[in-house]
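Heads up, the thing below is written out as structure tokens.
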Amino acid sequence: MAITTNFSLTLFFFFFFFFFFLFPLFSNLGLAQVEDPELKTCKHQCLQQHQYSQSDQQQCLQSCELYHHLKQEREKQIEEETPKKKDHSHYHQHQQEEESRERQEEEQEKQEEEDDNPYIFEDSDFHTKVQTEGGRIRVLKNFTQNSKLLQGIQNLRLAILEARPHTFVSPRHFDSDVVLFNMMGRALLGLVKESQTEKFILERGDMMPIPAGTPLYIVNREEREKLFLAMLHIPVSTPGKFEEFFGPGGQDPESVLSAFSQNVLQAALQSPIGKLERLFNQQNEGSIFKISKEQVQALAPRRSYWRPFSGPSRPEFNLFNRRTTYSNEYGRLTEVGPADDKDNLDRLNLMLTLANISQESMSTIHYNSHATKIAVVIDGRGFVQIVCPHVSKAKHEKSGPSYHRISSELKPGKVFVVPQAHPFVLMSSKGQNLLVLCFEINARDNKKFTFAGKDNIVSSLDDNAKELAFNYPSDLVNKIFNRKETFFFPLESPSEERADA
Amino acid sequence: MAITTNFSLTLFFFFFFFFFFLFPLFSNLGLAQVEDPELKTCKHQCLQQHQYSQSDQQQCLQSCELYHHLKQEREKQIEEETPKKKDHSHYHQHQQEEESRERQEEEQEKQEEEDDNPYIFEDSDFHTKVQTEGGRIRVLKNFTQNSKLLQGIQNLRLAILEARPHTFVSPRHFDSDVVLFNMMGRALLGLVKESQTEKFILERGDMMPIPAGTPLYIVNREEREKLFLAMLHIPVSTPGKFEEFFGPGGQDPESVLSAFSQNVLQAALQSPIGKLERLFNQQNEGSIFKISKEQVQALAPRRSYWRPFSGPSRPEFNLFNRRTTYSNEYGRLTEVGPADDKDNLDRLNLMLTLANISQESMSTIHYNSHATKIAVVIDGRGFVQIVCPHVSKAKHEKSGPSYHRISSELKPGKVFVVPQAHPFVLMSSKGQNLLVLCFEINARDNKKFTFAGKDNIVSSLDDNAKELAFNYPSDLVNKIFNRKETFFFPLESPSEERADA
Amino acid sequence: MAITTNFSLTLFFFFFFFFFFLFPLFSNLGLAQVEDPELKTCKHQCLQQHQYSQSDQQQCLQSCELYHHLKQEREKQIEEETPKKKDHSHYHQHQQEEESRERQEEEQEKQEEEDDNPYIFEDSDFHTKVQTEGGRIRVLKNFTQNSKLLQGIQNLRLAILEARPHTFVSPRHFDSDVVLFNMMGRALLGLVKESQTEKFILERGDMMPIPAGTPLYIVNREEREKLFLAMLHIPVSTPGKFEEFFGPGGQDPESVLSAFSQNVLQAALQSPIGKLERLFNQQNEGSIFKISKEQVQALAPRRSYWRPFSGPSRPEFNLFNRRTTYSNEYGRLTEVGPADDKDNLDRLNLMLTLANISQESMSTIHYNSHATKIAVVIDGRGFVQIVCPHVSKAKHEKSGPSYHRISSELKPGKVFVVPQAHPFVLMSSKGQNLLVLCFEINARDNKKFTFAGKDNIVSSLDDNAKELAFNYPSDLVNKIFNRKETFFFPLESPSEERADA
């Protein structure tokens, strides 16, 4: 019930606004894509808002993309649920059997697909853990459910928090360490410390590690835009599982306190049971709910003459502002890792990277020596290719493994994993700046090795070894592998003639 | 056979002494308890011993409690075993079937109970690994056998060593790191170091981490009291399993040496096989056996003019003597953890805490951010309540989880686990000082968060967030949550009138 | 096909050379062994090479032993495969059934054997991962496949690389950290660093830790001798599994690059597809292949006036040259561990030890407190005995476990595991210097405890405890356990008379 209501409300909210916007066709790789009219209108509307700054517009556009995605997924869910209902009421038995057979086949195919794509996650791999009128929290399934090859990251869970404009995400604590990244929007984060609440303003790109057990609340400060936070959960004692505990609360969210016996509560809180029952009966708005503009403003941190330290804190790390590791006109890579944050990222052995690939460009072909990447597309479209020895079905009579390419289209919200030591490449589409957030697990001692660009593996090999390895003259190999750009390149193919010249 | 003999001996030992003692009725929480007459006599006898100091008397009383417990458990075991025998001899088939059905039902119920109580362990969850006339070692079953939720501590095993007065616990080494805590009695611990044996006097409350592989022996130095040691085993290479290796020994305990081939032993020990056979044939007393007063005295460490360093060592940490973390008239909490012992507790990521709750008092409602507690009740009676999102069966249509209360009566010897991030509370009964030892696993970076008393989570929330979270005026919330005491409170409920006044 | 060709080639290579050599009979422990004539000839030939230095001769002899081993194993393989083929063509059904029954019984027996020998690995426990004309890589099966007791080392895999004279082992990287040890031969190791290749000369006994992902190639520099490298793989993210990735390559070994799509390769390497196809079509020699003397010389590192740092590097640790931990006329023990190599061995918590036991000698009976040993016999023959509480089948009515002896003959190439805390002993045969390489897992905080020789456990016990533990006068115990030698002893049994005198 909650889903449908919310759905129509949101539709209303969107139809109220929009018009038309021409989406750049995704023609480069031979794909023609027709954009949803609703999406077009949404985007057009963004550009019409004259009071918006350019970055406001940018955010608005991205919000459209993410919303659109969300909608498609819901429609898919509805479709999937429909035939099941039919099973029990309308259809004749014969039809049922046929359907069931078809479904079996579909499942088989899906199974095969999954076996072929152990590292790519679809929207349907998320389940909705929390859904209220104010927003929702979607959690990606256990990585090992997708493939046993992902054992190395089986303890982790990725969640995406979506909060509608001007909402309050109720105070809670998790039994997991959490690393939070603001993908889109402006948030206020309240962290309960020893005797007070420290308030952080989270801009887009801000990263915050939050130790397990720390009570936190979140506010979407924007009046118009949704807030999207990526949350990597690192469970402390139940591998691959995490739970929410609401302290302050009532009926919904339910307060953990109300589960204690009456005599405990009375003695602990020094209050008669009637008073306590009144307290724990009030909250029924859910764990994410709409608040007024005034309430948003009241929650804003304020520095004052009397309380100079109660003002807003800034998270230590914003991935947009970090000094780049690699940067040229084709892309930028920024990182924050164990060496930057001894307290948290080092303990968690985790690095966050943000790859920002200019339109029609690519990263070099490369691999991480020790780190496995959990990547989330924040913005733009493109492709990923991962090369993998595991899934090859070819019987090899050769002296080494065969390799198989896993590739996937990328669009906002898409999640993929790149296991350590596996070579891969990221590409952006025409007119699409591709923005990918990566959680790099096991980041300590990690090194990146490249296969193209300055100081790549092949050009670093001595000539004699090169010649033996390729069974090809080293000067010809060198011509192919020596190129001056580092890490990011334009996605252009030389013509046979030009290159030979 | 060994069990029955030992049992009658012990009965004799107790009936020889006792009389009558009025046990304070456990009336506060509506429970009327009738004390076993044997237990009464035992306790009375303790109080009659005029040569005893007050602390001697205290220990004697506690020993009665633990003994009583032990006896009840044995009786239960005997009861459980009886019907099984009948199955095979006396009953008609019909009766057997009925019994078997009943037993199935019982098992089902037990199953459900276990599902409901993943964190509480009964006496029947221990199995007796060693049983001799001199004492026994009981080992708690694997934690994950109780519940998959305990995966985080699945590597650990808890054992309780009980040694009768004036006994010798034979030299052995374990393939696990061991943390030993003296719950009751006075012991001598011999640790074999590089070229000599270091002797430690272990008083009640002493804690000793012992690295895997270290040969050790133990002596119960008391002529009248049993010795109770809690031993947390942290297996090094076989998760959740540990083994004993007896070097010195003979037939029983069997020496590991006697398993080597004759030529190995002869060459290593430079002795003909006849001599070696004589050596390894002598010991047949078992791994814990009675020794004379003179033998106990001969084992005592002595400092002399010639050997100034051969005197007794004292363990570095006694949990009764540590500076308290929290202390008031309602209770005291002492701790020793990674920061105190870089060599062992830090490596094991372990903290030991001792909660000493005055009669009719309680701990605050609180949780540990990272540490999971394995708790053993040493003395007194009371209750524990743990709040848990996992076992709730209610289908929630709400935006968060439902919570379920797990509660259990506490008495000496009871074991329970409190998972990290789960709020819980400890309470003592009327006239009962509750003494609980906790092994806190994953102790580094752990913080305690409270829901009542000074600086609790709710009072540390800013007023605006508080008001939103509870949907209740913040001044009313504050009235309930602001209280000056820290961590320990009296277990008293305010009357409706007084509190409203 | 590859197997047979290689086999005949090698046979040819050996028959071309040899004559006759009298192998010292293995009489000490009652075993009469008849040496294979081929092996005799091989060894004789080694001794006839006048241009060889003494150490050259030594290596040559060892190479014979290893080759012989290899051959026996292949013959076994061929035998095993033969009856299977018959099943499908020649035999009648009755015979098939009988055979199948026999095979079942064999398997049962084998099962029992394995249960009895969880710690001993046979040649048949290796599988051949790579096999080319130039050499092969054999990988030991997962340790936990042998026994669940080996969970503590389940993540690790042991591989043996064998490369024929003057061969090139193609550049590749692994998704595992690798610790490489040169068991026999002289190699060149190329490690691809940031912008160049660092070349190491690996002599026998050299140890090299190689971080995951590092591209490496290997050259067997010897014209006549095989190269044998032990490689311990420590997978980073897929426990117990590792994979090879060939960057430079072609058809065989297949280059990972060729699995990327054409547009990726063209854009990354700035070359038209025709050129790239030519490049990735050349290599078809396999991942280990023969190269010419000139090619070997060309690969040799050279220091020059212009490039003073491009000369050969030496690995930091050679286990033959390390200062000994224990050394006397009966044996030598050298070690390199966490304290010596903060960068790698400390991170991997690993120690390498080399035990060199003189002929007819033994190590003391001892155990490691924390480290589990993975041992590979490099040279010589002898025996190992491990004492183990786990596999005992005897129902014990005693107060402790029973122990069982696991023993195995040792010969070059044999692998065995000694779990931490388990007492064991190594012995060499008559005329056989036993050389054993051990990877010690979980090496930090490890201590060795001995049962014989100076400062052993028993002699370090105080006399009163000793007397109680053995139930035997301490002066008699002391006579047996006090011996002055440390760690290595002669393997001689005193006669009953002499010892009693």
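Which chain is which? The protein sequence lines are A, B and C, in order.
Position 257 of the first sequence, counted from 1, bears residue number 257 in UniProt numbering, the numbering being contiguous throughout.
Position 383 of the second sequence, counted from 1, bears residue number 383 in UniProt numbering, the numbering being contiguous throughout.
Position 62 of the third sequence, counted from 1, bears residue number 62 in UniProt numbering, the numbering being contiguous throughout.
Just so it is clear, CB atoms sit at the ideal spot from N, CA and C, and this is done for glycine as well.
Taking only beta-carbon atoms, is residue i less than 7 Å away from chain A?
{"i": "F488/B", "result": "no"}
{"i": "D462/B", "result": "yes"}
{"i": "L299/C", "result": "yes"}
{"i": "Q282/C", "result": "yes"}
{"i": "E133/C", "result": "no"}
{"i": "N146/B", "result": "no"}
{"i": "S313/C", "result": "no"}
Could you give the distance in angstroms between the alpha-carbon of residue i and the alpha-carbon of residue j?
{"i": "P423/A", "j": "N456/A", "result": "13 Å"}
{"i": "H404/B", "j": "P253/A", "result": "14 Å"}
{"i": "K193/B", "j": "E485/C", "result": "19 Å"}
{"i": "D175/C", "j": "I137/C", "result": "16 Å"}
{"i": "P248/A", "j": "F200/A", "result": "20 Å"}
{"i": "P494/A", "j": "Y330/A", "result": "17 Å"}
{"i": "R322/C", "j": "D206/C", "result": "10 Å"}
{"i": "I273/B", "j": "S358/C", "result": "24 Å"}
{"i": "L299/A", "j": "E492/A", "result": "50 Å"}
{"i": "K84/B", "j": "F126/B", "result": "Legend: pLDDT at K84/B = 37, less than 50; position of this residue unreliable, no value from coordinates given."}
{"i": "S429/A", "j": "R278/C", "result": "29 Å"}
{"i": "P235/C", "j": "N482/B", "result": "53 Å"}
{"i": "R221/B", "j": "L468/C", "result": "15 Å"}
{"i": "Q196/A", "j": "C388/B", "result": "26 Å"}
{"i": "P215/C", "j": "E122/B", "result": "56 Å"}
{"i": "V458/A", "j": "F451/A", "result": "7 Å"}
{"i": "V417/B", "j": "Q270/B", "result": "51 Å"}
Go through its chain and collect everything with a Cβ distance to residue i's Cβ below 6 Å, but skip five positions before and after it.
{"i": "N471/C", "result": "none"}
{"i": "Q111/B", "result": "Note on Q111/B: pLDDT 44, under 50, position unreliable in the model; the coordinate value appears next. The answer is none, since no qualifying residue turns up."}
{"i": "S313/A", "result": "E198 and F200"}
Strictly under 7 Å for the Cβ-Cβ distance: is residue i near chain C by that measure?
{"i": "G337/A", "result": "no"}
{"i": "D455/A", "result": "yes"}
{"i": "M351/A", "result": "no"}
{"i": "N263/B", "result": "yes"}
Output yes if chain B places a C-beta closer than 7 Å to the C-beta of residue i; else output no.
{"i": "G152/A", "result": "no"}
{"i": "G30/C", "result": "Note that G30/C scores 32 on pLDDT, short of 50, meaning its location in the model is unreliable; the coordinates nonetheless yield the value given after this. No, G30/C does not count as interfacial toward chain B."}
{"i": "A452/C", "result": "yes"}
{"i": "Q266/A", "result": "yes"}
{"i": "L279/A", "result": "yes"}
{"i": "H370/C", "result": "yes"}
Between which residues of its own chain and residue i is the CB-CB distance below 7 Å, once the five residues before and five after are set aside?
{"i": "E203/A", "result": "N182, R186 and N318"}
{"i": "P165/B", "result": "N220, E222, E223, R224, E225 and K226"}
{"i": "Q151/B", "result": "T144"}
Tell me which same chain residues have a C-beta within less than 8 Å of the C-beta of residue i, skipping the five on either side of it?
{"i": "N155/A", "result": "I234, P235, P239 and G240"}
Touch test, the segment 255-272 of chain A against the segment 416-433 of chain B, Cβ-Cβ under 8 Å, three pairs minimum
At 8 Å Cβ cutoff, the stretches touch.
Every unbroken alpha helix (DSSP H) inside the segment 322-360 of chain A [4 residues or more]:
Every alpha helix (DSSP H) stretch that sits fully inside the segment 322-360 of chain A and reaches 4 residues is listed by chain position as 345-348.
If contact is defined by three or more beta carbon pairs under 8 Å, each pair taking one atom from either stretch, is the segment 354-369 of chain A in contact with the segment 138-147 of chain C?
Touching, no.
Touch test, the segment 428-446 of chain C against the segment 366-379 of chain C, Cβ-Cβ under 8 Å, three pairs minimum
Yes, the segment 428-446 of chain C is in contact with the segment 366-379 of chain C.
Contact set between the segment 400-428 of chain B and chain D, restricted to residues whose Cβ is under 8 Å from the partner
Going by chain labels, chain D is absent from the structure shown, which instead holds the protein chains A, B and C.
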